[in-house]
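Residue numbers (the working numbering): 501 to 724.
Using N, Cα and C, we set each Cβ at its ideal position, and we do this for glycine too.
None of these values were measured; they are calculated from a predicted model.
Data block below; observations after.
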């Protein structure tokens with residue numbers, strides 16, 4: 501079953517963020533100046549009890565020192581119907597694959613999801629936003645992400661948005677990954693999305709970083 505706490509964005513302690521002196525040292529010692537983060541996996545399924553016929557979009561948010569080298573930065577799944585079994589899950593099994601390069605782990609990538617479906621009037625409306633950090637430890641991981649929508653701030657706005665067939669949406673779903681100002685947005689929880697990741701890193705240790713699997717939800721990056 502889906503557990504509400506499973507999808508919380510990982511709390512990570514990032515240390516040794518790479519200074520100019522360490523980069524110069526790497527130049528003279530022949531060490532690599534960048535590391536690679538290879539991500540592949542699937543947006544597996546979702547649980548939205550009140551809705552049917554949904555599709556999912558994803559994109560990544562990352563820091564200034566990061567750049568994608570191969571793969572897709574965003575994607576959109578097929579529309580799927582609710583399973584008719586007792587779980588009534590939506591199953592997408594939608595693949596995602598991307599490789600990033602970076603000079604330091606600050607700004608570690610997050611994946612941002614938005615789920616859409618048609619309302620009574622046939623308009624595509626958002627059914628949930630959510631996001632989570634890409635795991636920092638190599639291997640297989642699974643995350644269950646709570647999904648929410650912005651809430652109208654007054655009953656009149658709620659009635660108007662229902663009559664017009666337009667509910668509040670973020671103009672850019674990537675705002676989900678930004679902490680600033682999000683706490684002033686009224687939100688309503690609507691469901692969960694489950695993602696599986698397979699993570700590979702290259703040259704992270706050679707740059708002086710190591711990822712220590714303290715547990716599956718709170719990995720730590722530290723200097724070695």
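Let's see if you can read the secondary structure: which residues bound the beta strand (DSSP E) around residue i?
i	result
residue 580	Segment: none, residue 580 is in no beta strand (DSSP E) and carries neither H nor E.
residue 536	535 to 547
residue 629	624 to 633
residue 637	That residue, residue 637, is in no beta strand (DSSP E); it is neither H nor E in DSSP.
In the DSSP assignment, what are the bridge partners of residue i?
i	result
residue 642	696
residue 557	576, 614
residue 495	Because the chain in this structure spans residues 501 to 724, residue 495 falls outside the shown range and cannot be described.
residue 570	599
residue 691	647
Residues in its own chain within less than 8 Å of residue i by CB, not counting five upstream and five downstream?
i	result
residue 581	552, 553, 590
residue 572	596, 597, 598
residue 648	628, 629, 630, 687, 688, 689, 690
residue 549	588, 691
Excluding the five sequence neighbours on either side, which residues of its own chain have a C-beta within less than 6 Å of the C-beta of residue i, listed in chain order?
i	result
residue 568	598, 600
residue 704	535
residue 642	696
residue 538	599, 700
residue 578	none
residue 503	Residue confidence for residue 503 is low, a pLDDT of 42 falling below 50, so the modelled location carries little weight; the figure read from the coordinates is stated next. If we look at residue 503 and ignore the five residues flanking it on each side, it has no Cβ neighbours.
residue 602	565, 566
residue 617	551, 553, 554, 627
residue 557	576, 614
residue 543	556, 592, 594, 695
Looking only at its chain, what residues have a beta carbon closer than 7 Å to the beta carbon of residue i, apart from the 5 residues adjacent to it on each side?
i	result
residue 639	699
residue 583	589, 591
residue 545	589, 590, 591, 592, 694
residue 541	596, 695, 696, 697, 698
Worksheet item: Is there contact here, the stretch 600 to 611 with the stretch 632 to 649, by at least three beta-carbon pairs under 8 Å?
Response: In short, these stretches touch, since the Cβ pair count reaches three.
Worksheet item: Considering only residues of the stretch 587 to 621, which uninterrupted beta strand (DSSP E) runs meet the minimum length of 3 residues and lie entirely inside it, listed in chain order?
Response: Under the rule that a run must span 3 or more residues, the beta strand (DSSP E) segments found entirely inside the stretch 587 to 621 read 590 to 602, 610 to 618.
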